[in-house]
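Visitor: Take a look at the following structure, please.
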Amino acid sequence: MKMISASPNAKPTQGMLSPTSGSVEQIQTQGKPPDHTVLTRSATRASDVVYSSFTKAQKRYIVFCASWAGFFSPVSSQIYYPALNTLAHDLHVSSSLINLTLTSYMIFQGFSPMFVGDFADKAGRRPAYIVCFLLYIAANIGLALQNNYAALFVLRCLQSAGSSTTIALSSGVVSDIATAAERGSYMGFVTAGSLLGPSVGPVIGGLLAQYLGWRAIFWFLTIFAGAFTVQLLLFFPETARKVVGNGSVTPPTWNLSLINRYHNRSGGTKGQGSEAFEAGHKLSFPNPIKTLSIVFQKDTSLILFSNAILFAGFYDVSASIPAIYQDLYGLNDLQVGLCYIPFGLGASIASIVTGKMLDYNYRRLAKRLGYPLRGARSRDLKDFPIEKARLQLAFPLLIIGSLTVIAFGWVLHFAIHLAAPTTVLFLMGLGLTGAFNTVSTLLVDLYPSNASAATASNNFVRCLLGAGATALIDPMLSAMGRGWCFTFIAFVMLATAPLLWVVIRCGPQWRAERLAKADDSGDTLTEKVG
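Each residue of the sequence shown is one higher than the one before, counting from 1 in UniProt numbering.
Rendered as structure tokens:
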């Protein structure tokens, strides 16, 4: 009896679900030559395979965990601010040296995801999450126990290396489980977690530093990260499509959640993905150069630069608040921290609402062009103007965000009541965050199987410009004054609008050229959008 696989690449004895094309059905021919009709009728067509086998409830849990994980990087940066003066006093160093720990944190925030993003796309999200959080927890324990500046500096770098990769990993998770038609909403929920950190971080840090001391900040982060890691080990499933396909393939035993591993040992479904993983996806050392190559693509370079300019403007506003609010309104560190809440609230609302709007705009444009919303073709966006579907929403949000930056500068210039800048910060969170979300979702659309690497490249450019922006804001305020300084920043932000327009007009052609070049060279980083 001869076994003939419906897939030309399938092993004769392997009848399992392929990570990319669905189940492979084997056919018994009883010694007869293969019949093409039988093969066609028996084989499972790729178009019949669902994009993700996870249920809606499972997707919600996965996205919740991804959003929770993305919270750690920004909160770890901002929670530290209220304790800067106390740390300088206790460690007997100057404020300028303490401020260097902020710069070093941001540098590692830009570079670390370039290594882990590529690793996560190859080996899976779970091992990347586990490694990062173990490093993060160890760094926080060290920070809570250290007594000298050198240890503080080094451990802050390690803390950044562990936490900063979570945003890139979270974007990768969304790409694993969501098609382009629903990706906007899921990206919105994930982004909400990462943008909530800058608003609640200073509040938590101020409370802990004032009543329990600065060491309590790092113990809090240790406990909070430990709680996340426990549920990650117990329940969080592997989602990387290069490892588990649409979620139907069982990952290697070492990559199973503890609950699934116990289920398998108790007589449940046996794992079958280990052999395929070892045969087709040999692990290699993470290559940051591949991640960096995304930065220099025609379309992605404009997208990344535009997004980085917007984030630099946000960093300028955020970094200027403590000194200005203390000078104008006489607020202490805790009160200043509370003033970040309106921005975080607006940002969280914008992330969720913008995500829904992105999905609606995608469906609207697809319906107008006669493009299917279901099936295999709906997942191949080669001929679909995904740039237009995403960036159409960016323009009004960019204008709103830029106008709020101008308003913020002038209400501070005229020293208007604290309620005015507080309201402006809420509106700024709505506008700027909505623009961030559209661009972040587009990046995942362009690199769905390498979403972590694409988001890591975004993080790299964003942090470099953000570091420069925060270094320049004080001299700019001194030279230009508050009103004109923030007006200048707003016009720089508005200058990104023509760049996004170019992406809408030329992006599909550049994308097609990139895909054609990748097909000729065998480049695995460049792929079809989907």
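Glycine included, C-beta positions come from ideal geometry on N, C-alpha and C.
Spatial neighbours of S199 within its chain, please: C-beta separation below 6 angstroms, excluding the five flanking residues on both sides.
Guide: As a first step, residue 199 must be located in the sequence shown, where it is residue number 199. Around S199: Y340, I341, F343 and G344.
Visitor: Going by the beta-carbon positions, is the gap between A312 and G466 smaller than 8 angstroms?
Guide: Here residue 312 is taken as the residue at index 312 of the sequence shown, counted from 1. Here residue 466 is taken as the residue at index 466 of the sequence shown, counted from 1. Yes. Within cutoff.
Visitor: Which one of A471, S449 and R462 has the shortest CA to CA distance from V174?
Guide: The residue you call residue 174 lines up with position 174 of the sequence shown. The residue with the shortest Cα to Cα distance from V174 is S449.
Visitor: Taking a contact to mean a Cβ-Cβ separation below 8 angstroms, would you say G355 touches S194 in this structure?
Guide: Within the sequence shown, the letter at position 355 stands for residue 355. Within the sequence shown, the letter at position 194 stands for residue 194. No, the Cβ-Cβ distance between G355 and S194 is not below 8 angstroms.
Visitor: Where does the unbroken alpha helix (DSSP H) through D445 begin, and where does it stop?
Guide: For this step, residue 445 is matched to residue 445 along the sequence shown. Taken as a continuous stretch (DSSP letters only), the alpha helix (DSSP H) holding D445 covers A419 to L446.
Visitor: Under a three-way DSSP split, which group does T354 fall into?
Guide: Indexing the sequence shown from 1 puts residue 354 at position 354. Of the three classes helix, strand and coil, the one that applies to T354 here is helix, per DSSP.
Visitor: What first and last residue would you give for the alpha helix (DSSP H) that runs through Q159?
Guide: Taking the first residue of the sequence shown as position 1, residue 159 is located at position 159. Q159 -> alpha helix (DSSP H) spans Y149 to S163.
Visitor: Please tell me whether D333 and P82 are closer than 8 angstroms, where the distance is taken between their beta carbons.
Guide: Taking the first residue of the sequence shown as position 1, residue 333 is located at position 333. Taking the first residue of the sequence shown as position 1, residue 82 is located at position 82. Yes; because the gap between Cβ atoms is below 8 angstroms, this pair is in contact.
Visitor: Judging by CA-CA distance, which residue of V154, L134, K122 and G188 is the nearest neighbour of G162?
Guide: Looking up residue 162 in the sequence shown gives position 162. Measuring from the Cα of G162, the nearest candidate turns out to be L134.
Visitor: For D316, which of F64, T487, S76 and G142 has the nearest alpha-carbon?
Guide: Translated into the one-based positions of the sequence shown, residue 316 becomes position 316. If we check each option's Cα against that of D316, T487 comes out closest.
Visitor: Less than 8 angstroms separating the beta-carbons of S452 and D90?
Guide: Working through the sequence shown from its first residue, we reach residue 452 at position 452. Working through the sequence shown from its first residue, we reach residue 90 at position 90. No, Cβ-Cβ distance for S452 and D90 is not below 8 angstroms.
Visitor: With H, G and I counted as helix, E and B as strand and the rest as coil, what does DSSP make of F296?
Guide: Residue numbering aside, residue 296 sits at position 296 when the sequence shown is read from its first letter. The answer is helix: DSSP assigns F296 an H, G or I state.
Visitor: With DSSP as the reference, label R368 as helix, strand or coil.
Guide: Taking the sequence shown and counting its residues from 1, the one referred to as residue 368 is at position 368. It is helical.
Visitor: With a cut-off of 8 angstroms on the beta carbons, I'd call G205 and P74 a contact; round off their distance for me.
Guide: Translated into positions along the sequence shown, residue 205 becomes position 205. Translated into positions along the sequence shown, residue 74 becomes position 74. Contact flag wrong, Cβ pair sits at about 12 angstroms.
Visitor: If you compare alpha carbons, which of S77, I98 and S76 is closest to N85?
Guide: Sequence index remark: in the sequence shown, residue 85 carries index 85 (1-based). When only C-alpha atoms are compared, the closest one is I98.
Visitor: Please confirm whether any heavy atom of the ligand MN lies closer than 7 angstroms to the CB of G429.
Guide: In the structure on display, the ligand MN does not appear, and there are no ligands present to speak of.
Visitor: Less than 8 angstroms separating the beta-carbons of T455 and S52?
Guide: Looking up residue 455 in the sequence shown gives position 455. Looking up residue 52 in the sequence shown gives position 52. The answer is no: Cβ separation not under 8 angstroms.
Visitor: Hey, out of S306, A323 and P385, whose CA is closest to D445's CA?
Guide: As a first step, residue 445 must be located in the sequence shown, where it is residue number 445. Taking only the C-alpha atoms, the option nearest D445 is P385.
Visitor: Can you check whether the CB of I259 is closer than 8 angstroms to the CB of L234?
Guide: Here residue 234 is taken as the residue at index 234 of the sequence shown, counted from 1. Here residue 259 is taken as the residue at index 259 of the sequence shown, counted from 1. In contact: L234 and I259 (Cβ atoms closer than 8 angstroms).
Visitor: In the DSSP assignment, find the alpha helix (DSSP H) that holds H89 and state where it starts and stops.
Guide: In the sequence shown, the residue the question calls residue 89 occupies position 89. That run of the alpha helix (DSSP H) goes L84 to L91.
Visitor: Going by beta carbon distance, what residues of the same chain come within less than 8 angstroms of C506, once the five residues before and after it are set aside?
Guide: Stepping through the sequence shown from its first residue, residue 506 is reached at position 506. So the qualifying residues of the chain are K298 and D299.
Visitor: If distances are taken between C-alpha atoms only, which option among G337, P237 and A66 comes closest to F54?
Guide: The residue labelled residue 54 in the question sits at position 54 within the sequence shown. The option with the nearest alpha carbon to F54 is P237.
Visitor: Taking just the CA atoms, how far does R241 sit from D176?
Guide: Working through the sequence shown from its first residue, we reach residue 176 at position 176. Working through the sequence shown from its first residue, we reach residue 241 at position 241. Going from the Cα of D176 to the Cα of R241 covers about 6 angstroms.
Visitor: Is it right to say Q159 is buried, meaning 16 or more other beta carbons lie within 10 angstroms of its own, or is it exposed?
Guide: The residue given as residue 159 occupies position 159 in the sequence shown. Buried, because 16 or more other Cβ atoms sit within 10 Å of the Cβ of Q159.
Visitor: Cα separation between I107 and L464?
Guide: On the sequence shown, position 107 is the one that residue 107 refers to. On the sequence shown, position 464 is the one that residue 464 refers to. For I107 and L464, the distance between alpha carbons rounds to 7 angstroms.
Visitor: Taking Cβ positions, are F189 and S77 nearer each other than 8 angstroms?
Guide: Here residue 189 is taken as the residue at index 189 of the sequence shown, counted from 1. Here residue 77 is taken as the residue at index 77 of the sequence shown, counted from 1. It is not a contact, given that the beta carbons lie outside the stated cut-off.
Visitor: Just checking, does the segment 388-401 make contact with the segment 356-364 on the three C-beta pairs under 8 angstroms criterion?
Guide: As far as the Cβ criterion goes, the segment 388-401 touches the segment 356-364, which means the pair count is three or higher.
Visitor: Determine the DSSP secondary structure at A240, reduced to helix, strand or coil.
Guide: As a first step, residue 240 is located in the sequence shown; it is residue number 240 there, counting from the start. A240 falls in the coil class under three-state DSSP.
Visitor: Ordered along the chain, which non-local residues of its own chain (more than five positions away) have a Cβ less than 7 angstroms from that of A497?
Guide: Counting from 1 along the sequence shown, the entry for residue 497 is found at position 497. Excluding sequence neighbours, A497 sits near F395 and L398.
Visitor: What residues in its chain sit with their C-beta under 7 angstroms from that of M476, if we drop five residues either side in the sequence?
Guide: Reading the sequence shown from its first residue, position 476 is the one you call residue 476. Cβ within range, chain order: C485.
Visitor: Does DSSP classify I489 as helix, strand or coil?
Guide: As a working note, residue 489 is residue 489 in the sequence shown. Here I489 sits in helix by DSSP.
Visitor: Is T191 closer than 8 angstroms to S440 when the C-beta atoms are compared?
Guide: On the sequence shown, residue 440 is found 440 positions in, with the first residue counted as 1. On the sequence shown, residue 191 is found 191 positions in, with the first residue counted as 1. Yes, the pair counts as a contact, with Cβ atoms nearer than the cut-off.
Visitor: Am I right that L302 and L499 are in contact with their C-beta atoms under 8 angstroms? What's the rounded C-beta distance?
Guide: Start at 1 with the first residue of the sequence shown, and residue 302 comes out as number 302. Start at 1 with the first residue of the sequence shown, and residue 499 comes out as number 499. Yes, they are in contact, since the Cβ atoms of L302 and L499 sit about 5 angstroms apart, within 8 angstroms.
Visitor: To the nearest whole angstrom, what separates the beta carbons of residue 533 and T101, a pair I think is in contact under 8 angstroms?
Guide: Any property of residue 533 remains undetermined from this structure, which presents the chain solely from 1 to 530.
Visitor: Can V424 and L338 be called in contact, C-beta distance under 8 angstroms?
Guide: Numbered from 1 along the sequence shown, position 424 holds the residue referred to as residue 424. Numbered from 1 along the sequence shown, position 338 holds the residue referred to as residue 338. Result no, Cβ atoms of V424 and L338 do not sit closer than 8 angstroms.
Visitor: Out of L212, R125, S96 and F119, which one is the CA nearest neighbour of C65?
Guide: For this step, residue 65 is matched to residue 65 along the sequence shown. Nearest option by C-alpha distance: R125.
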